[in-house]
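Chains as they are written, first to last, in my numbering: chain A, 1 to 114; chain B, 115 to 227.
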Amino acid sequence: AQKVTQAQTEISVVEKEDVTLDCVYETRDTTYYLFWYKQPPSGELVFLIRRNSFDEQNEISGRYSWNFQKSTSSFNFTITASQVVDSAVYFCALSDSGNTPLVFGKGTRLSVIA
Amino acid sequence: ETGVTQTPRHLVMGMTNKKSLKCEQHLGHNAMYWYKQSAKKPLELMFVYNFKEQTENNSVPSRFSPECPNSSHLFLHLHTLQPEDSALYLCASSQAGLPTTQYFGPGTRLTVL
């Protein structure tokens, strides 16, 4: 079964705080990709990162970091020193060999307050 | 132009109108997708095309009619829509095959009066 769960519906933080967005996934495949997308108010889904199932190294890109843990089927996303421009809806997604090419979580709406 | 483009970005139409949404990808991909995103609803996959052939239709009403003339272009023809069809329509492209990375266009925000 393919499933992605983002338990946090909405998060609000004050600028410069760190924030972690949670993502838990389910798949029967051993080969799969995990993604994070950002959707700002303009609407476009912006690709942030892809991680394949064989690479459990954590990744850091500027203020963004991702923690992939197969043992807990989680792929969490942390924004360090958040900024107002980080305000958006963030989607975690899964692609495996299943019926749906890309399975999305319901998204987490992040509001960063100045 | 690079990436995935969609036109128009905004569209207002009456229930009796016929209109078309256009998507174009400049990434050399061979799979294209239509998604619908309604307020407070998760992203819904509508159609999938691989190498110009439709491979998925997620029980979409016939008032939505997709067309994929080549691997770079995808259309969504709209006719006799309902107000509940008002939504953001997103196009995406990728290489065919699974697993895959999809790249999205900016979307068309559709309002049906």
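Don't be surprised by glycine CBs; every beta carbon is placed ideally from N, CA and C.
For the options Ala-81/A, Val-84/A, Ser-95/A, Ser-71/A, the alpha carbon positioned closest to that of Thr-31/A is the one of Ser-95/A. With distances taken between CA atoms, Met-146/B lies nearest to Gln-209/B out of Val-226/B, Gln-209/B, Asn-172/B. Rounded to whole angstroms, Ser-12/A and Thr-130/B show a C-alpha spacing of 42 Å.
The way I'd put it, the segment 48-63 of chain A doesn't touch the segment 161-172 of chain B; fewer than three beta-carbon pairs between them come closer than 8 Å. DSSP places Thr-215/B in no beta strand (DSSP E); its state is neither H nor E. Proximity of chain B to Glu-26/A at the Cβ level (cut-off 7 Å) is not reached, the minimal Cβ distance being about 15 Å. Residues of chain B with a Cβ closer than 9 Å to the Cβ of Pro-41/A do not exist, since the nearest Cβ in that chain sits about 11 Å away.
In the three-state reduction of the DSSP assignment, Glu-198/B falls in the helix class, which pools H, G and I.
Looking at the DSSP output, Tyr-90/A shares a beta bridge with Lys-38/A, Thr-108/A. Residue-level contact check: Ser-95/A touches chain B, since one or more beta carbons of chain B fall below 9 Å from its beta carbon. Residues of chain B whose Cβ lies closer than 7 Å to the Cβ of Tyr-32/A are, in chain order, Pro-213.
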